[in-house]
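Below is one structure; the comments refer to it alone.
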Amino acid sequence: MKYIYLLMIIWFGFSLNLFAESIIEVVDEDTKAPVPYVKVTTKCIGANCADTLNIQLTSKNGQVKTKFDFPFDIEVNHIGFETYVARINSKADLQIVLRHKEFVLDEIVTTGQYTPRSAQSSVYQVKTVTAERIVAQGAVNLRDLMTNEMNVRLSQDNILGASMSINGVSGQNVKIMIDGVPVVGRLGGNIDLSQINLNNARRVEIIEGPMSAIYGTDALGGVINIITEDHIEDDIKITGNTLYESVGVYNVDGSLGYKFGKSNVMVSGGRNFFAGYSEVDTSRNKQWKPKEQYFTDWQFNHFFNKHTFRYSGNYYQDHILNRGAPRLPYRETAFDDHFKTLRLTNSLFFRGEVAKNRFIDITGSYSYYERKKNTYFKDLVTLEEIFTSDPADQDTNSFDSWVLRSTYSHDNVISWVSYQTGFDLNMSTASGRRINDNEKTLEDYAAFASIQIRPIDEITIQPALRVIHNSNYEAPLVPSLNIKSDITDFLTVRASYARGFRAPSIQELHFMFVDINHNITGNEALTAETSHSYSFLLNFHTQTNNYAFKLEPGFYYNDIKDLITLGNIENDLWSYVNIGKFQSIGANMTLSYIRTDLNSKIGVSYIGRSHQFDQTIAASPLVFSPELMANVIYNSQLFGITASVFYKYTGEQSGFNVDESGTEYSSYEIEDYHTLDLTFSKDIFDKSVNLTVGAKNLFDVKDIKRSSAGVGGVHSGSETSSPVAWGRTIFTSIRFNF
83 MKYIYLLMII
93 WFGFSLNLFA
103 ESIIEVVDED
113 TKAPVPYVKV
123 TTKCIGANCA
133 DTLNIQLTSK
143 NGQVKTKFDF
153 PFDIEVNHIG
163 FETYVARINS
173 KADLQIVLRH
183 KEFVLDEIVT
193 TGQYTPRSAQ
203 SSVYQVKTVT
213 AERIVAQGAV
223 NLRDLMTNEM
233 NVRLSQDNIL
243 GASMSINGVS
253 GQNVKIMIDG
263 VPVVGRLGGN
273 IDLSQINLNN
283 ARRVEIIEGP
293 MSAIYGTDAL
303 GGVINIITED
313 HIEDDIKITG
323 NTLYESVGVY
333 NVDGSLGYKF
343 GKSNVMVSGG
353 RNFFAGYSEV
363 DTSRNKQWKP
373 KEQYFTDWQF
383 NHFFNKHTFR
393 YSGNYYQDHI
403 LNRGAPRLPY
413 RETAFDDHFK
423 TLRLTNSLFF
433 RGEVAKNRFI
443 DITGSYSYYE
453 RKKNTYFKDL
463 VTLEEIFTSD
473 PADQDTNSFD
483 SWVLRSTYSH
493 DNVISWVSYQ
503 TGFDLNMSTA
513 SGRRINDNEK
523 TLEDYAAFAS
533 IQIRPIDEIT
543 IQPALRVIHN
553 SNYEAPLVPS
563 LNIKSDITDF
573 LTVRASYARG
583 FRAPSIQELH
593 FMFVDINHNI
603 TGNEALTAET
613 SHSYSFLLNF
623 HTQTNNYAFK
633 LEPGFYYNDI
643 KDLITLGNIE
653 NDLWSYVNIG
663 KFQSIGANMT
673 LSYIRTDLNS
683 KIGVSYIGRS
693 HQFDQTIAAS
703 PLVFSPELMA
713 NVIYNSQLFG
723 ITASVFYKYT
733 GEQSGFNVDE
743 SGTEYSSYEI
753 EDYHTLDLTF
763 SKDIFDKSVN
773 LTVGAKNLFD
783 VKDIKRSSAG
793 VGGVHSGSET
803 SSPVAWGRTI
813 FTSIRFNF
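This is the structure we're talking about:
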């Protein structure tokens, strides 16, 4: 019997130990004080687990209780602290010490810099959009992303695509690059933003204002540089993404990366499909044309001790289908237009430190762009298609671009001086039936230099100068001056002046673009644009262990001479013309508040524009247009859900139409509108899968009114509409990362 009693005592003692509660205490590393209301997740890993997972919040005394036997896994998350992950093996491990998380107010940027550096230390005001923001916004391409950016106005042509203006300056003056390589293929003077996919983007860097001294022509209004992913943490990386949007968008893409030694290779690709949209869907012809895109990217990277070699390539093609209305009297046939775009780019990069504080960056690239337009006569009964007999209905045009750019930078030549020199060689060729003489070539060669002077630690002065040889135009010297002053630990001031120069492109000079909606011809008599631009920016910033705060008011002024725009020659024929003078002036202010679980930003902007068509006519008064923007991204650490809100108000905007002499014959007003997107996302399976659902364009904006009025009785007034979006939609996406 005594053995039975002994066994009962042993079993009872074991049971007390098994079901005894352990107290976990969470304290602050700096103050050693308990931290209340902390999310604590414990996971049982033993063989006798009734429950495998328990999520609690600490009490006012910074404590939680757990019944899990040792060992068990724990994860502790709290605002302002680094996440704590560990395996608890004994009672000695039950006090958790949380370390304060350091806030990073700005990203490391490369655009326009001597060497990669923080945005806060750059003489330029560089805005960055992270990959996390791209995912939260549900942005597939650059058009989606820029929809919510302040000082950016988007316009939509359902054949030519999406274009934009920055600070009142049109998109033909904005240089769009991928890893520093210019994107080719402008139609109507603009790059179609919906063709620039973001599936492989690590971040997007935006500099508003003239960068002609550094990046040359097309950078008069600013620069957008998409930085792609080039690193792999593990030996093998596999990603995938699917997206469905209720308007008829079906997207899928994926990537595969492999790391070996100091090298890696990556391949990605995908397909985006849009079925087309019309508000009243009663016809074959859609207002928003059906579009199908295929794209792939590939790259090889080798990392030396102080240098990086990279080869990258990308291939893109799309197909836009413009279905014609059924023909009378029997409606059994129709004319369909097919527009096909192909873009292929191959690039080589070599960059790194060649000696102490001396850096080299070399980029060489070849890009090919082709656009085909074919018209078919289609039998709607048999579905047979044949080419139409009119040669004007069939067309192929191609554009080649060679770029070689190199910079040499020397930091701290002496303690307060650094400099950069470089050259930029660009050659473009266009060929096709719609090019004058079937082929044209444009060459632009430049050398540039800048110097950074720091007379005291708090002030940086950076003058720059670009010398240009253009094969068609005599280019002026293009100087710039940027000054940055850290007046206090929490106040930074940036001021700049820049001269801009933009020579007309081959398309503006020699290309004729004709379809059912467009009849645009080049103008070989165009004059190059020149400009003077000024900006003044303040940056108030502060941070503690729990939050970061930024207030950024800014002012800018652009004065452009001989602005190139489209003019109405006769009836429906348009061509590029110069107007005497164009001005834009504006003020804006943004306020950012950041915590571990919250990233919020609100902004307001007021942009005014004026034009003077020639010296004999007084300049028009400045007409201002407001913008409001608000972004809020909140990460609920308790539920592991990220909720995001993106709002923008675009105010009423004025514009003008000109004739072949560059004289205004009508003005117009574009009405204001609001956009609002809402998304929710959650990571599952140890963050290897991300689920996102959301609603876009909750205010259901589709077309906005465009009211025009004749000037001097030349043309009568009218009211039309311009497409903005395809209405309210819901979307869902699944991303995985292994």
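Numbering (the numbering used here), first residue to last: 83 to 820.
Ideal Cβ placement from N, Cα and C applies to all residues, glycine included.
Just so we're clear, the structure is a prediction, and the values are computed from it rather than from any experiment.
field: DSSP-derived helix/strand/coil call for I314
entry: coil
DSSP-derived helix/strand/coil call for I444: strand
query: What runs of the beta strand (DSSP E), each 3 residues or longer, lie entirely inside the stretch 753 to 801?
result: 755 to 766, 771 to 778, 785 to 792
CA-to-CA distance, A115 to R392, given in whole angstroms: 50 Å
field: Cβ-based burial, N439 [other Cβ within 10 Å; buried from 16]
entry: exposed
Start-to-end residues for the beta strand (DSSP E) that takes in L711: Just to set this straight, residue 711 is Met in the shown sequence, not Leu. Taken as a continuous stretch (DSSP letters only), the beta strand (DSSP E) holding M711 covers 705 to 718.
query: Using the beta-carbon count (16 or more within 10 Å), is R268 buried or exposed?
result: buried
task: Go ahead and label G144 buried or exposed: buried means 16 or more other beta carbons lie within 10 angstroms of its beta carbon, across all protein chains shown.
output: buried
- prompt: In the structure shown, what three-state DSSP assignment does K173 receive?
  reply: helix
query: Closest to T489 by CA distance: which of E287, Y196, A437 is it?
result: Y196
- prompt: Which class does V549 belong to by DSSP, given the choice of helix, strand or coil?
  reply: strand
task: Pick helix, strand or coil for A807, following the three-state DSSP scheme.
output: coil
field: Segment limits, alpha helix (DSSP H) that includes I278
entry: Element bounds for I278: n/a, residue is neither H nor E.
message: Is the beta carbon of S365 closer than 7 Å to that of A407?
response: yes
- prompt: M711: which of Y340, S687, T612, F469 sits nearest, CA to CA?
  reply: S687
message: Tell me the rounded alpha-carbon separation between T415 and K787.
response: 33 Å
message: Please list the terminal residues of the continuous alpha helix (DSSP H) segment that includes R584.
response: Segment 573 to 584 is the beta strand (DSSP E) holding R584; no alpha helix (DSSP H) there.
- prompt: Should D519 go down as buried or exposed, given a rule of 16 or more other Cβ atoms within 10 Å for buried?
  reply: exposed
message: Suppose you measure from the CA of T423 to the CA of D679; what does that come to, to the nearest Å?
response: 42 Å
field: Close-in-space but distant-in-sequence residues of the same chain around G794 (CB under 6 Å, 5 per side omitted)
entry: Confidence is the limiting factor: at G794 the pLDDT is only 47, short of 50, which leaves the residue's position unreliable, though a coordinate-based value still follows. Nothing meets the Cβ criterion.
task: Using alpha carbons as the reference points, say which of I248, L227, D226 lies closest to N233.
output: I248
message: Going by beta-carbon coordinates alone, are V208 and I289 separated by less than 7 Å?
response: yes
Contacts around L430, its chain only, beta-carbon distance under 6 Å, and the 5 residues preceding and following it disregarded: Y393, G446
- request: Using 10 angstroms around the beta-carbon of I402, count the other beta-carbons present and answer buried if the total reaches 16, otherwise exposed.
  value: buried
message: W380 and V331 - do their beta-carbons sit closer together than 7 Å?
response: no
- request: Please list, in chain order, all residues of the same chain as F152 whose beta carbon is under 7 Å from its beta carbon, the five residues on each side excluded.
  value: I170, N171, S172
I273 vs I258 beta-carbon contact at 7 Å: yes
- request: Run the CB neighbour count on G128, radius 10 Å, all protein chains shown included, and call it buried at 16 or more, exposed below.
  value: exposed
- request: Output the boundary residues of the alpha helix (DSSP H) element that contains M348.
  value: First-last for M348: 345 to 356, but that is the beta strand (DSSP E), not the alpha helix (DSSP H).
message: Taking 8 Å as the cut-off, does the stretch 287 to 304 touch the stretch 327 to 342 (at least 3 CB pairs, one atom from each stretch)?
response: no
- request: Could you tell me if H592 is buried or exposed, where buried requires 16 or more neighbouring beta carbons within 10 angstroms of its beta carbon?
  value: buried
task: Look at the alpha carbon of I308 and the alpha carbon of V263, and state the distance between them as a whole number of angstroms.
output: 9 Å
message: So, under 8 Å CB-CB, S770 and T724 are touching, yes? Tell me the CB distance rounded to an integer number of Å.
response: Contact flag wrong, Cβ pair sits at about 16 Å.
field: Which residues DSSP lists as bridging E751, in chain order
entry: S736, S789
message: Could you compute how far the alpha carbon of T523 sits from the alpha carbon of E801?
response: 41 Å
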